[in-house]
Every structure is written in C-alpha cells, then in structure tokens.
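Residue numbers (UniProt numbering): 1 to 107.
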C-alpha cells in the first residue's frame, strides 16, 4: 500500500512538471520556429488523437465490443455535429438513439 506522503509528493511533482510545460510554451514560442509542415502535422496529430479517443470510447467496454447501440448513438451525434446542429440537440439525439436501441433489445 502506498503511503499518503508518497501520493502527495507525486502529485506535487506532476503539478510542477505540468506547470513547467505550460510556462515553456509561451516562453519558447518566440525562440523556436517550426516549419509549416511541422505545424500542419501537429494540428493533424491532435485531430487523429481525438478521433482515436472517440473510437475507443464508442466501440469498447471492459476490453470487448460495446455493442451496436453505443456506436449508433455516437454516429448520430457525429452526423448532427458535422451538420452544425446545436450542442444540446446533438447530445439528446445521440442519447435517445442509444437508449431507443437498447429499449428495443439491441445490445
């Protein structure tokens, strides 16, 4: 079992490291120049990371397939978001789709 002191020290170290990274960004922005290609790759990497997070959250549960209802709800929400529907409509439609399919017995 980990002692509370170790947890406190770990939290402080991680907090200090996070603060250092956040402070280094604006401080080094004027000193470091990136090529247009590198900036484009970083922007693309952020989109790919977000897409991977959405895919794993939508498709997997407890190490296995989450069923059809959850990905269907995410797909409905994705289409509505792409069509620029209001956020509340996107969330409600996605939830209603997943809940409706589960109510019909679709896993």
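Here a beta-carbon is modelled for each residue, glycine too, at the ideal position from N, C-alpha and C. None of these values were measured; they are calculated from a predicted model.
Counting the other CB atoms within 10 Å of its CB gives residue 6 a total below 16, which places it among the exposed residues.
Counting of Cβ neighbours within 10 angstroms places residue 94 among the buried residues, the total reaching 16 or more.
The beta carbon of residue 90 is closer than 8 Å to those of 77, 80, 81 in its chain, skipping five residues each way along the sequence. Taking the CA atoms as reference points, residue 101 sits about 39 Å from residue 41. Within the segment 33-107, the runs of alpha helix (DSSP H) that reach at least 4 residues and sit entirely inside it are, in chain order, 36-59, 69-82, 87-103. By the CB criterion at 8 Å, residue 107 and residue 67 fall inside the cutoff. Sequence-distant Cβ neighbours of residue 74 in its own chain, meaning closer than 6 Å and more than five residues away, are 58. Burial check for residue 16: the Cβ neighbour count within 10 Å stays below 16, so the residue is exposed.
Annotation: residue 31 is outside any alpha helix (DSSP H) and is labelled neither H nor E by DSSP.
Residue 56 is positioned such that its CB atom lies no closer than 8 Å to that of residue 72.
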